[in-house]
Each structure stands twice: as structure tokens, then as C-alpha cells.
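Numbering (my numbering), first residue to last: 8 to 212.
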């Protein structure tokens with residue numbers, strides 16, 4: 008979703024604010040630097056919230072920043088750069104907390120396959136938000152309104168996270184799945200066959 012957001016805000020800045028390539032590069036740099044701060048915020052949020060609630064708070068913050076940017080950014084480049092820093096913070100926060108959540112609830116004996124599935128499903132629909140944004144923009148709808156289409160996908164993400172239930176239950180289910188799939192250990196003593204004695208052949212004198 009971070010790549011989708013970068014594509015959309017780049018189009019937004021070029022069409023609405025007439026950004027040059029240099030200004031677009033500065034915007035990317037601001038997003039990149041701010042994402043480092045977002046990684047620390049995700050770590051701090053875990054002291055107060057579970058990873059699921061922290062992820063939901065991050066998505067809500069990203070939706071709020073996008074809505075405020077669409078409402079107030081009209082011709083101010085400095086204001087857009089400020090919102091770019093907020094997008095970077097939310098992006099770094101989301102990147103970190105999502106992977107932390109996935110790693111902690113995946114059973115250790117299934118980490119390779121389920122982490123691959125997580126990465127696959129994280130990318131399989133990455134084309135959809137830019138497609139909706141482009142379709143609305145090409146249909147003549149104001150680009151500020153088209154940008155608000157991102158809020159739909161973030162709302163779906165928040166609802167999907169809510170369906171996971173409490174984080175403690177997810178951890179318990181992951182541990183139970185790991186115990187069920189681990190091979191049982193047979194502690195009963197097993198008899199060991201004694202080696203048969205080898206008769207020495209007689210050597211003729």
C-alpha cells in the first residue's frame with residue numbers, strides 16, 4: 008500500500024501543484040527520512056497497544072492525513088511537504104507493525120510458507136488503489152476527490168484487522184497449531200538388541 012500511496016501522491020503533486028522532478032525528488036526524500044521516525048513510533052505504540060490495535064491506529068492516522076491533505080492542500084508546496092512527512096511516518100509505522108504482527112502469530116514450523124503467503128497477498132491487489140484513482144481522475148472527477156478513494160481501502164483493512172479478534176487469542180492459536188504439528192516424542196525405553204557373537208573359524212594346523 009505504501010507504493011500505491013507514493014504513486015498517487017506523486018500524481019497529485021504533479022497535476023495539482025505542478026511539481027518539477029526536483030520537487031518530486033525532495034518529496035520522496037522527505038517520505039523516506041520520515042519513515043525512520045515511523046519505525047520508532049511503532050515500537051513505542053507496542054507499550055500501550057497490541058500489534059493489531061497499533062496497526063488499526065496507524066491506518067486510521069494515514070486515512071486522516073490523506074483526508075486533511077485533500078481538503079487543505081491547494082497551492083502550497085510547503086504544506087504538501089509537511090503532509091509528505093506525515094505520510095512517511097505512517098508508512099514506516101505500518102511497514103514495521105505489519106511485519107511484527109505477522110511474525111508473532113505465525114507458527115514457527117510454518118514460518119516459510121505462511122510468510123510467503125503474507126507477502127503474496129500483500130502484493131496481489133496492489134494495483135487496485137491506483138486503478139480506482141486513475142479511473143476516477145480520467146472520468147473528470149476532481150483529483151482531490153479521487154484521492155479520497157484511498158480511504159475505502161484503509162477502512163476495509165481496519166475492518167479486516169478487527170475480525171482477527173484479540174491479539175492474545177491469535178498468539179494462543181499459533182502456539183496450539185505449533186504443538187499439534189510437532190512430532191510426538193516416545194519416552195518409553197526401547198530394547199537394544201545385543202550383537203550376536205561371531206564364532207572364530209578354526210585355523211587348520
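Just so it is clear, CB atoms sit at the ideal spot from N, CA and C, and this is done for glycine as well.
Open item on the list: I'd like to know whether the C-beta atoms of residue 58 and residue 108 end up nearer to each other than 7 Å.
Closed with: Here the question's residue 58 lines up with position 51 in the chain shown. Here the question's residue 108 lines up with position 101 in the chain shown. For the pair residue 58 and residue 108, the CB atoms are nearer than the 7 Å cut-off.
Open item on the list: For residue 164 and residue 66, I'd like the C-alpha separation in whole angstroms.
Closed with: Within the chain shown, residue 164 is the residue found at index 157, counting from 1. Within the chain shown, residue 66 is the residue found at index 59, counting from 1. Approximately 8 Å between the Cα atoms of the pair.
Task: Option nearest residue 178 by Cα separation, candidates 21, 112, 45 - done: The residue labelled residue 178 in the question sits at position 171 within the chain shown. Nearest option by C-alpha distance: 112.
Open item on the list: To the nearest angstrom, how far is the alpha carbon of residue 173 from that of residue 25?
Closed with: Numbered from its first residue, the chain shown carries residue 173 at position 166. Numbered from its first residue, the chain shown carries residue 25 at position 18. For residue 173 and residue 25, the gap between their C-alpha atoms comes out near 46 Å.
Task: Whole-angstrom C-beta distance between residue 75 and residue 38, which should lie under 8 Å - done: Residue numbering aside, residue 38 sits at position 31 when the chain shown is read from its first letter. Residue numbering aside, residue 75 sits at position 68 when the chain shown is read from its first letter. Between residue 38 and residue 75 a beta carbon distance of about 16 Å is seen, past the 8 Å cut, so the two are scored as non-contacting.
Open item on the list: For the structure I just gave you, are there three or more beta carbon pairs, one from the region 139-156 and one from the region 27-34, closer than 8 Å?
Closed with: The region 139-156 is not in contact with the region 27-34.
Task: C-alpha distance - residue 23 paired with residue 40, whole-angstrom precision - done: On the chain shown, position 16 is the one that residue 23 refers to. On the chain shown, position 33 is the one that residue 40 refers to. C-alpha of residue 23 to C-alpha of residue 40: approximately 24 Å in a straight line.
Task: Start and end residues, alpha helix (DSSP H) containing residue 96 - done: Taking the first residue of the chain shown as position 1, residue 96 is located at position 89. Counting along the chain, the unbroken alpha helix (DSSP H) around residue 96 starts and ends at 84-112.
Open item on the list: Taking only three categories from DSSP, how would you classify residue 127?
Closed with: Within the chain shown, numbered from 1, the residue matching residue 127 stands at position 120. DSSP, reduced to helix, strand and coil, places residue 127 within a helical segment of the structure shown.
Open item on the list: Less than 7 Å between the beta carbons of residue 138 and residue 63, yes or no?
Closed with: Here residue 138 corresponds to residue number 131 of the chain shown, with the count starting at 1. Here residue 63 corresponds to residue number 56 of the chain shown, with the count starting at 1. Taking 7 Å as the Cβ cut-off, residue 138 and residue 63 do not qualify as a contacting pair.
- [ ] Examine the Cβ distances between the region 121-130 and the region 72-89 and report whether three or more of them are shorter than 8 Å.
- [x] Fewer than three beta-carbon pairs drawn from the region 121-130 and the region 72-89 are found closer than 8 Å, and the two stretches are therefore not classed as touching.
Task: Local Cβ density within 10 Å of residue 175, reported as buried at 16 or more and exposed below that - done: Stepping through the chain shown from its first residue, residue 175 is reached at position 168. With fewer than 16 other CB atoms across the displayed protein chains lying within 10 angstroms of its CB, residue 175 is exposed.
Open item on the list: DSSP three-state label for residue 184, please.
Closed with: In the chain shown, the residue the question calls residue 184 occupies position 177. Residue state, collapsed to three classes: helix.
Task: Every unbroken beta strand (DSSP E) inside the region 15-91 [3 residues or more] - done: Segments of the beta strand (DSSP E) lying fully in the region 15-91: there are none.
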